[in-house]
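In order, the protein sequences belong to chains H and U.
If you use this note's numbering, the first sequence corresponds to residues 1 to 294, in order.
If you use this note's numbering, the second sequence corresponds to residues 1 to 361, in order.
We put the CB at the ideal spot given by N, CA and C, even for glycine.
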Amino acid sequence: MNYDRATWRERLNTAIPFTLLVILTLPIVIGYIWIIISTFSRTTYGLEPQGRLTLDNWSFLWEDPNIWKVTLNTIILSVGQTIGIVAISSLAGYALSRIRFPGRKGFLAMTLILHSFPAVTLLIAIYFVLRWITNIPILGNDLPIIGGFGYNTVGGVIMVQLALQLPLGVWLMKGFFDNVSWDMQRAALIDGCGHFRAWWQIIMPVIRPGIAALAIFSFITGWGSFLIPYTFIADQEHSVLAAYLRSLMGDTAPVSYSTIAAVGLFQLIPVMIFFIFTQEYLMNIFAGGSKGGT
Amino acid sequence: MEVRLENLTKRWGSVVGTEDMTLDIKSGEFVAFLGPSGCGKTTTLLMIAGIYKPTAGYVRFDGKIVNRMQPKERNVGMVFQSYALYPHMTVYDNLVFPMKLKKTPADEMKQRAHRVADMMGIGQLMDRKPGQLSGGQQQRVALGRALTKEPDLLLFDEPLSNLDARLRLSMRGEIKRLQLELGITSIYVTHDQVEAMTMADRIAVMRAGHLQAYCSPDELYEQPRNLFIAGFVGNPPMNFVMLEVSREDDRYYARRDGFEIVVSSERSSKAAGRGEVIMGIRPEDVTILPASSGEGVLGEVYVVEPLGRDDLVDVHIGDASIHVLADPTLKTRIGDPVRLSFNTEKIQFFDSETEHSLLWA
């Protein structure tokens, strides 16, 4: 009798949260299912495709030459932004965590304020800055791969996104560095490292999970970014996927939601696969880097 | 290498780490910094290592001021309480890391690493990562890492505190033997007075940033300069009793309620006629006699703690409490009336206000 009741309660204890989670995620799951179904059909009625299944919606992959350019731009943006954020945040985080210098506290407080600054309010000012940078020879709009750092270049977008994401990155990295014991740092310094070597050869490898988390986070953010690239990139040749998606809706012609769904799915797939393999690391951000130490 | 600290001081704002510390360490000497936690011993050690910059005073290596020298230029080896091994490197890589940074030739590096590993008994662990080792093994690797660079000075920051009691005992002996064999000048920070007493040639006792005493373990034990040292060094700790010493004819008496003993003149001449002084006597310098015997001070057994080889007996005399190390075969029981005989050649006296010794100050 007792035994039965115990298992009953146990089952209930797992069943209730499970059911709640299922109910809560249902709208999202249905959304995904709708996207997948509608990419293969002309129109849908609810979740039910109308007419024969078709590949027409995916024709942009071979008919629109811009799509691959845009995809490449998105990759460049995400990777560039990730490299920049990881490099700058880990250096700044190390300094803020390990070196006492005047103005350190003020700097930390300032970055927090910047972090809470909504990007939209800065758009016009940033526009002027980017226009000004465009006028600088070579650096402005004549660099390989990223195009430059001015207006209407992927590099310019990278720079702006980098600046907006740095406060979070710096704070995160500082948190990870704070968790590395001082003794290890001292051991490295006594064993013959300077600050730079201690950072690169000893501390960075120790907080590798934290670095991975930050890198994944900023890659995903870059991949899905819309507002900054949409605002500061004028033509489709330099555009990114999210802005390309938006352009499909902007035409005067009737909007084909099935095509939009297909492009959306196309944008989603890489990041989904990426997420599945890296979600464990991503959790480190929320664990506050507790896995970062020894 | 000789080390000299001159008026060495470290402050953070108004917080004092170490204040005005001066001492000499001879080449090849093993010195322990002993004190309760927060007394500034690790701060001093880190200044010697070059991690902290002194606020005032000097650190000298072989007479040369090294205050501004970077840690990596000082050629010191350090062993930490938390081991501080590099978790992403194998034991071998940990051992050779300091040598790599010094650009030691590859074959010499390998040779030295293996020699040290054999010496420390970790030769079979070379390919493991620190996470796969036990605490004792990790500490051996940490010690090995400090030794492979052939330092001029070895620094130990409570290296045995994280080990279990048995391991601590054997590592204690090993470190002492190693230091003696290699002849490297060593500084050993500990709050464990047994470690300091058993290992060090000289002990620097610190309290609240100040150096209290700097002398050999024997001297520290037999001739404590003040009440703090007397109470801190020795286990079980010294007994303290407030009493008055008076001189009558040519004899000296130490008295309080229900307590009177005759003390030797050389020990008590300074204490006599001062009013209340503090008498100190170690538990092993008091003997329990049966209540029926004529001599000694009468008291009552309050608690008996068997320690194995001895019993630690707490005897109350009036409102004073005296701990005595007694032979377990005496079968002392709680509530028994007993008499205590004091070895008057071992009695210490301290001024009740300044807490300085009235014998050795």
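Does the beta carbon of U:I187 come closer than 8 Å to any beta carbon on chain H? The residue you call residue 187 of chain U lines up with position 187 of the second sequence. For U:I187, no Cβ of chain H is located within less than 8 Å of the residue's own Cβ.
Would DSSP call H:H195 helix, strand or coil? Stepping through the first sequence from its first residue, residue 195 of chain H is reached at position 195. Here H:H195 sits in helix by DSSP.
At a Cβ cut of 7 Å, what residues of the region 152-183 of chain H count as close to chain U, listed as they run along the chain? Within the region 152-183 of chain H, contact with chain U at the beta-carbon level (separation under 7 Å) is assigned to S181 and D183.
What distance in whole Å lies between the Cβ atoms of H:G84 and H:L168, which are believed to be in contact at a cut-off of 8 Å? Within the first sequence, numbered from 1, the residue matching residue 168 of chain H stands at position 168. Within the first sequence, numbered from 1, the residue matching residue 84 of chain H stands at position 84. The C-beta distance from H:L168 to H:G84 rounds to 13 Å, too long to fall under 8 Å, and the pair is not in contact.
Bridge partners of U:N226, per DSSP? Reading the second sequence from its first residue, position 226 is the one you call residue 226 of chain U. BP columns for U:N226 point to U:H356.
8 Å contact criterion, which U:R251 and U:V301 should meet: CB distance rounded: Numbered from 1 along the second sequence, position 251 holds the residue referred to as residue 251 of chain U. Numbered from 1 along the second sequence, position 301 holds the residue referred to as residue 301 of chain U. The pair is not a contact, with the Cβ atoms about 29 Å apart (cut-off 8 Å).
Taking a Cβ distance cut-off of 7 Å, strictly less, list which residues of the region 69-83 of chain U are near chain H, in chain order. Within the region 69-83 of chain U, the residues whose Cβ lies closer than 7 Å to some Cβ of chain H are P71, K72, V76, M78, F80 and S82, listed in chain order.
Can you tell me whether H:G292 is buried or exposed, with buried defined as 16 or more other CB within 10 angstroms of its CB? Residue numbering aside, residue 292 of chain H sits at position 292 when the first sequence is read from its first letter. Only weak support is given to the placement of H:G292: the predicted model assigns it a pLDDT of 36, under 50, and the value that follows is read from those uncertain coordinates. Buried, by the Cβ-count rule.
Under 8 Å between C-beta atoms of U:A142 and U:Y58: Mapped onto the second sequence, residue 142 of chain U falls at position 142. Mapped onto the second sequence, residue 58 of chain U falls at position 58. The answer is no: Cβ separation not under 8 Å.
Any residues in the region 99-110 of chain U with a beta carbon nearer than 8 Å to a beta carbon of chain H? Which ones, in chain order? Listed in sequence order: L101 and K102.
So, does the CB of U:H88 fall closer than 8 Å to a CB anywhere in chain H? Here residue 88 of chain U corresponds to residue number 88 of the second sequence, with the count starting at 1. The beta carbon of U:H88 falls within 8 Å of a beta carbon belonging to chain H, placing the residue at that interface.
According to a CB-to-CB cut-off of less than 8 Å, which residues of the region 182-196 of chain H neighbour chain U? For the region 182-196 of chain H, which is checked against every Cβ of chain U, the residues closer than 8 Å are D183, M184, R186, A187, A188, L189, I190, D191, G192, C193 and G194.
Using only CA atoms, which one of H:G31, H:T54 and H:F177 lies nearest to H:G46? Here the question's residue 46 of chain H lines up with position 46 in the first sequence. In this structure, H:G31 is the residue among H:G31, H:T54 and H:F177 with its C-alpha nearest to the C-alpha of H:G46.
Taking only beta-carbon positions, decide if H:P102 is within less than 8 Å of chain U. Sequence index remark: in the first sequence, residue 102 of chain H carries index 102 (1-based). Residue contact with chain U for H:P102: absent (no Cβ-Cβ distance below 8 Å to any residue of chain U).
Under 7 Å between beta-carbons, which chain U residues line up against H:V206? List them in chain order, please. Here the question's residue 206 of chain H lines up with position 206 in the first sequence. The contacting residues are P87 and H88.
Which residues, taken in chain order from the region 40-72 of chain U, show a beta carbon closer than 9 Å to some beta carbon of chain H? Sequence-ordered contacts of the region 40-72 of chain U with chain H read L46, A49, G50, I51, Q70, P71 and K72 [C-beta pairs closer than 9 Å].
Could you compute how far the alpha carbon of H:I99 sits from the alpha carbon of H:G175? Counting from one through the first sequence, the residue named residue 99 of chain H turns up at place 99. Counting from one through the first sequence, the residue named residue 175 of chain H turns up at place 175. Whole-angstrom Cα-Cα distance: 14 Å.
Thinking C-alpha only, which one of H:I146, H:F274 and H:L21 is nearest H:E237? Start at 1 with the first residue of the first sequence, and residue 237 of chain H comes out as number 237. When C-alpha distances from H:E237 are compared across H:I146, H:F274 and H:L21, the shortest belongs to H:I146.
Counting C-beta neighbours from all protein chains within 10 Å, is the total for U:R145 16 or more, i.e. buried, or is it exposed? Residue mapping note: residue 145 of chain U aligns to position 145 of the second sequence, counting from 1. So U:R145 counts as buried.
Report the three-state DSSP secondary structure of H:V255 (helix, strand or coil). Sequence index remark: in the first sequence, residue 255 of chain H carries index 255 (1-based). Coil, per DSSP.
Using DSSP with H/G/I as helix, E/B as strand and the rest coil, what is H:I276? Taking the first sequence and counting its residues from 1, the one referred to as residue 276 of chain H is at position 276. In this structure, H:I276 counts as helix in the three-state DSSP scheme.
Whole-angstrom distance between U:S293 and U:E305, CA atom to CA atom: Position 305 of the second sequence holds residue 305 of chain U. Position 293 of the second sequence holds residue 293 of chain U. When rounded, the distance between both Cα atoms is 24 Å.
Using the DSSP secondary-structure output, state which residues sit across from H:Y45 in a beta bridge. Against the first sequence, residue 45 of chain H aligns to sequence position 45. Answer by DSSP bridge pairing, in chain order: H:E48.
What do you reckon, are the CB atoms on U:L178 and U:M171 nearer than 8 Å? The sequence position of residue 178 of chain U within the second sequence is 178, counting from 1. The sequence position of residue 171 of chain U within the second sequence is 171, counting from 1. No, the Cβ-Cβ distance between U:L178 and U:M171 is not below 8 Å.
Determine contact between the region 58-75 of chain U and the region 119-138 of chain U, defined as no fewer than three beta-carbon pairs at a distance below 8 Å. The region 58-75 of chain U, when compared against the region 119-138 of chain U, does not touch it at the 8 Å Cβ threshold.
For H:I207, which three-state DSSP category applies? Here residue 207 of chain H refers to the residue found at position 207 of the first sequence. Here H:I207 sits in coil by DSSP.
Any contact of the region 29-36 of chain U with the region 186-201 of chain U, i.e. 3+ C-beta pairs under 8 Å? Touching, yes.
If you draw a straight line from the C-alpha of U:P217 to the C-alpha of U:K10, how long is it? Here residue 217 of chain U corresponds to residue number 217 of the second sequence, with the count starting at 1. Here residue 10 of chain U corresponds to residue number 10 of the second sequence, with the count starting at 1. Their Cα atoms are separated by approximately 27 Å.
Have a look at U:E6, U:N94 and U:N343 and flag the residue whose alpha-carbon is nearest the alpha-carbon of U:P54. Here residue 54 of chain U refers to the residue found at position 54 when the second sequence is read from its first residue. Ranking the options by Cα distance to U:P54, first place goes to U:E6.
Please confirm whether H:I202 and U:Y86 have their CB atoms less than 8 Å apart. On the first sequence, residue 202 of chain H is found 202 positions in, with the first residue counted as 1. On the second sequence, residue 86 of chain U is found 86 positions in, with the first residue counted as 1. Yes; because the gap between Cβ atoms is below 8 Å, this pair is in contact.
With distances taken from CA atoms, which of U:L8, U:A106, U:V245 and U:M1 is nearest U:G209? As a first step, residue 209 of chain U must be located in the second sequence, where it is residue number 209. When each option's Cα is compared against that of U:G209, the closest is U:L8.
Beta-carbon proximity check, U:G234 vs U:Y214, cutoff 8 Å: In the second sequence, counting from the first residue as 1, residue 234 of chain U sits at position 234. In the second sequence, counting from the first residue as 1, residue 214 of chain U sits at position 214. No. Outside cutoff.
Identify the continuous alpha helix (DSSP H) that holds U:Q212 and give its terminal residues. Locating residue 212 of chain U in the second sequence gives position 212, counting from the first residue. From DSSP, U:Q212 is part of no alpha helix (DSSP H) but of the beta strand (DSSP E) over H210 to C215.
Got a sec: is the Cβ-Cβ distance from U:F97 to anything in chain H below 8 Å? The residue you call residue 97 of chain U lines up with position 97 of the second sequence. Chain H has a Cβ within less than 8 Å of the Cβ of U:F97.
Do you know whose CA, among U:R282, U:D311 and U:G318, lies nearest U:V297's CA? Counting from 1 along the second sequence, the entry for residue 297 of chain U is found at position 297. The closest CA to that of U:V297, considering only U:R282, U:D311 and U:G318, is found on U:G318.
Could you tell me whether any Cβ in chain U is nearer than 8 Å to the Cβ of H:I202? Translated into the one-based positions of the first sequence, residue 202 of chain H becomes position 202. H:I202 counts as touching chain U.
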